[in-house]
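Chains as they are written, first to last, in the working numbering: chain A, 1 to 154; chain B, 1001 to 1154.
Structure, as structure tokens:
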């Protein structure tokens, strides 16, 4: 396993590739005296049509969530308040991002190992997913995940 | 104009009709030691496929947002942190709801006048919309809106 790629300095103006197809996407922003709006045109910004929307919130900061890959499900994550760190891992390389801005979205393709941690107490992570919930879509064992990735690569 | 229908006491277990086709929808909740998750299956819970996702945040509490109707665009709103009051108005009846819980979603059909106000300082309002942004889809004049509603009813 290589060391995680550092990602903290410059936020993407529009888009930044991470590992294994994951991408940070800068949402379109509109700011004025009445507040801020950050928007994603889903058909243009994402390679999937969302079927499910969920919000993760009230996570104790010591807790780690995720720690799985999806076989087929794509996800798009936006931390709408507070902050959370997301680690994505394609089986050989890793990238770590701090989502701390509602105008920053993270696209996570299928078959990428993902972990979320260091939730701030006020963090809310909004997620759009390409599939309905399906327990069979989860790969929860990291060794199995790495084996599947190697099989894919052969 | 009738007085707004009060809505504050009992939150819906699953769904509650408001005015003009607007509905409050209780999202599926999963809570454990690792935090809370609130989820909507978009194909089942909503009568539209989302094409746009946006987050409204950093709104000064004195500000009022919205104050328009959409001709064709459906919306689904979830206040992922903090709270905001939403007024929906079908031209003859009104309903007012306080969105203060990430497991509470508000479906707003087209041709319903909507206003959002009393944003808490930490409020983030996540919105799924059925259409890409289109200035021509907005009705920004309340009198025009009421006239269009009456034409529809004839």
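All C-beta atoms, glycine included, are put in the ideal place defined by N, C-alpha and C.
- For residue 84 of chain A, the enclosing beta strand (DSSP E) has its first and last residue at 84-89.
- At a cut-off of 8 Å between beta carbons, residue 1056 of chain B contacts chain A.
- A straight-line Cα-Cα distance of about 11 Å links residue 1099 of chain B and residue 1120 of chain B.
- Using a Cβ-Cβ cut-off of 8 Å, residue 1053 of chain B counts as an interface residue toward chain A, since at least one Cβ of chain A sits closer than that to its own.
- Within chain A, the residues whose beta carbon sits less than 8 Å from that of residue 1063 of chain B are 33, 34, 35, listed in sequence order.
- Around residue 1116 of chain B, the same chain offers 1065, 1066, 1084, 1086 as residues with beta carbons nearer than 6 Å, after the five sequence neighbours per side are excluded.
- Look at the beta carbons and you see the stretch 122-134 of chain A touching the stretch 54-73 of chain A: at least three pairs across the two are nearer than 8 Å.
- Not flagged as an interface residue toward chain A: residue 1120 of chain B, since no C-beta distance is shorter than 8 Å.
- Per the coordinates, the alpha-carbon of residue 60 of chain A lies some 41 Å from the alpha-carbon of residue 1138 of chain B.
- Against chain A, a Cβ distance below 7 Å from residue 1132 of chain B picks out 41.
- In this structure residue 1047 of chain B is exposed. Its beta-carbon is surrounded by fewer than 16 other beta-carbon atoms within 10 angstroms.
- Contact annotation: the stretch 1020-1032 of chain B does not touch the stretch 32-43 of chain A, with fewer than three C-beta pairs closer than 8 Å.
- Within a 10 Å sphere around the beta-carbon of residue 12 of chain A sit fewer than 16 other beta-carbons, which makes this residue exposed.
- When rounded, the separation of the alpha-carbon atoms in residue 1062 of chain B and residue 1111 of chain B is 26 Å.
- In the three-state reduction of the DSSP assignment, residue 1137 of chain B falls in the helix class.
- Apart from sequence neighbours up to five positions away, the residues of its chain that approach residue 1114 of chain B with a beta-carbon distance below 6 Å are 1066, 1088, 1108, ordered along the chain.
- CA-CA distance, residue 125 of chain A to residue 1024 of chain B, rounds to 21 Å.
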